[in-house]
Amino acid sequence: MSEDAPVNTGAVRWPDADAAYLAVRRMQIKLHRWAVEDLDRRFGDLFNLVYDPAFLMHAWERVSTNAEGRTPGVDRVTTFQVETRIGVEAFLAQIRTSLKSGEFEPAEVRQVMIPKAGGKLRKLGIPTIADRVVQASLKAVLEPIFEADFLPSS
């Protein structure tokens, strides 16, 4: 073995947006198929998918292309700031590390009041960009499993 070959470096290969989408979609199809084929199936090890690089990159794409990505949470960070100051891969690596270690904690949600019809106001919660990425990744993992329980007419 070459002495220059990295072994267990912990380095993560971050896929581009298209490769992430395809990897996530393939896994979602498998999860959905498994859920349909065995209604009593227990999915015991899904958390590793939430912090999988493809799922996190796919989640980033969903969050960063959404109009709400320009709205900061309590930390005042926007997707533009992540892209220009921190770097997407470094940002996702921080999230991945905190999820893997069990140290990730969602931040407090920023609340703003928005007008409703009739002059009333309602509260709107705005999570941080990191929390939105984790939520999007979690949704990508869980959605195909729960979709299997819905009727076609639902």
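In the numbering used here, the protein residues as written are 111 to 264.
Each residue gets a CB set at the ideal place from its N, CA and C atoms; glycine is no exception.
Pro262 in three-state terms, based on DSSP | Here residue 262 corresponds to residue number 152 of the sequence shown, with the count starting at 1. In this structure, Pro262 counts as coil in the three-state DSSP scheme.
Contact the stretch 179 to 197 vs the stretch 141 to 155: 3+ CB pairs below 8 Å = At 8 Å Cβ cutoff, the stretches do not touch.
Could you check if Met223 is buried or exposed, using at least 16 other CB atoms within 10 Å of its CB as the buried criterion?
-> The sequence position of residue 223 within the sequence shown is 113, counting from 1. So Met223 ends up on the exposed side.
What are the residues that DSSP puts in a beta bridge with Arg232?
-> Taking the sequence shown and counting its residues from 1, the one referred to as residue 232 is at position 122. Beta-bridge pairing links Arg232 to Ile224.
In whole angstroms, what is the alpha-carbon distance linking Leu159 and Pro225?
-> Taking the first residue of the sequence shown as position 1, residue 159 is located at position 49. Taking the first residue of the sequence shown as position 1, residue 225 is located at position 115. One C-alpha to the other measures close to 38 Å.
Would Phe165 pass as a contact of Val184 if the rule is Cβ separation under 8 Å?
-> Translated into the one-based positions of the sequence shown, residue 165 becomes position 55. Translated into the one-based positions of the sequence shown, residue 184 becomes position 74. No.
For Ile139, count neighbouring C-beta atoms within 10 Å of its own C-beta (all shown protein chains included) and say buried if the count is 16 or more, exposed if not.
-> Here the question's residue 139 lines up with position 29 in the sequence shown. Exposed.
Skipping 5 residues on each side, what residues in its chain have a beta carbon closer than 8 Å to that of Pro125?
-> As a working note, residue 125 is residue 15 in the sequence shown. Closer than 8 Å at Cβ, skipping near neighbours: Ala133, Pro163, Ala164 and Met167.
Residue environment, Ala115, which counts as buried when at least 16 other CB atoms sit within 10 Å | The sequence position of residue 115 within the sequence shown is 5, counting from 1. Note that Ala115 has pLDDT 43, beneath the 50 cutoff, so the model's placement of it is unreliable and the number below is only indicative. Looking at its Cβ environment, which holds fewer than 16 other Cβ atoms inside 10 Å, Ala115 is exposed.
Skipping 5 residues on each side, what residues in its chain have a beta carbon closer than 7 Å to that of Ala246?
-> Against the sequence shown, residue 246 aligns to sequence position 136. Closer than 7 Å at the Cβ level, and outside the excluded window around Ala246, lie Ala169, Arg172 and Val173.
Residue span of the alpha helix (DSSP H) that contains Pro125, given as start and end = Taking the first residue of the sequence shown as position 1, residue 125 is located at position 15. Element bounds for Pro125: n/a, residue is neither H nor E.
Taking buried to mean at least 16 other C-beta atoms within 10 Å of its own C-beta, is Pro262 buried or exposed?
-> Stepping through the sequence shown from its first residue, residue 262 is reached at position 152. Around the beta carbon of Pro262, fewer than 16 other beta carbons lie within 10 angstroms, which makes this residue exposed.
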